[in-house]
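Beneath this line is the structure, given in C-alpha cells, with notes to follow.
Residue numbers (my numbering): 139 to 305.
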C-alpha cells in the first residue's frame, strides 16, 4: 500500500472516530479543551504507528487517551499545592456543554477514580463488553465488574445527583 493510500485510510479513520474519541476523552477528563488534546495526541500516536499496526486502531487510540488522561491526573495530584486562600472561581461557559445535566454528570464523574471513570465510559458510552474493557485496560473481567459496581454505587450515593434526579 502506498503512503498516499495509507494517508487516505488514516484520514477516513480519524473522520469516522474523532467525535467518539473526543467524547470519551471528555468523559474521562471532564474538560472539553483537554479532551480535544487527548484525542489529538491519541490520533497522532496512531498515525506514527499506522504502517506497523496490528489489530484494532480504535482500541489503540482509546488506550492512548486513557493512559494520557491517567498520567495527567497523576501529575496533577503530585504537583498540586494547596493554597492558603480559596481562589475565586469563574464559571467557564462551554458552548458545546450548555446542558446543566451534562455538567452535573461530569462533576459526579470527576469524583470517581481514573479507573472507575474509564470503566464507565468504555461500558456505557462505547458499549464495550466486560471482556473488551478488561483487555483495553489490562485488568481482569472481575476487576471490571467490581470497578463498575463501586463506581455506580458512588454515583447513586452522590447527593447532588440524587437531588437532581428527585426534582
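By construction, the Cβ of each residue, glycine as well, lies at the ideal position given by its N, Cα and C atoms.
Every value quoted in this text rests on a predicted model; they were computed, and no experiment measured them.
Considering only the alpha carbon of each residue, which of the options lies closest to residue i?
| i | options | result |
| --- | --- | --- |
| residue 186 | 174, 275, 199 | 199 |
| residue 174 | 146, 270, 159 | 159 |
| residue 297 | 282, 243, 273, 281 | 243 |
| residue 150 | 260, 274, 188 | 188 |
| residue 179 | 152, 245, 241 | 152 |
| residue 147 | 181, 176, 170 | 181 |
| residue 183 | 170, 172, 197 | 197 |
| residue 293 | 250, 260, 213 | 250 |
| residue 299 | 239, 288, 273, 267 | 239 |
| residue 273 | 171, 245, 194 | 194 |
| residue 144 | 241, 190, 156, 288 | 190 |
Considering just the uninterrupted stretch of the alpha helix (DSSP H) at residue i, what are its terminal residues?
| i | result |
| --- | --- |
| residue 261 | No alpha helix (DSSP H) holds residue 261; DSSP gives it neither H nor E. |
Indicate whether residue i and residue j have their beta-carbon atoms separated by less than 9 Å.
| i | j | result |
| --- | --- | --- |
| residue 295 | residue 254 | no |
| residue 290 | residue 282 | no |
| residue 248 | residue 154 | no |
| residue 277 | residue 261 | no |
| residue 264 | residue 279 | no |
| residue 176 | residue 210 | yes |
Contiguous alpha helix (DSSP H) assignments of at least 4 residues, all confined to the region 142–225 = With a minimum length of 4 residues, the continuous alpha helix (DSSP H) runs that stay inside the region 142–225 are 170–186, 195–217.
ask   = Taking three-plus beta-carbon pairs below 8 Å as touching, is the region 159–172 in contact with the region 198–212?
value = With the cut-off at 8 Å, the region 159–172 and the region 198–212 touch.
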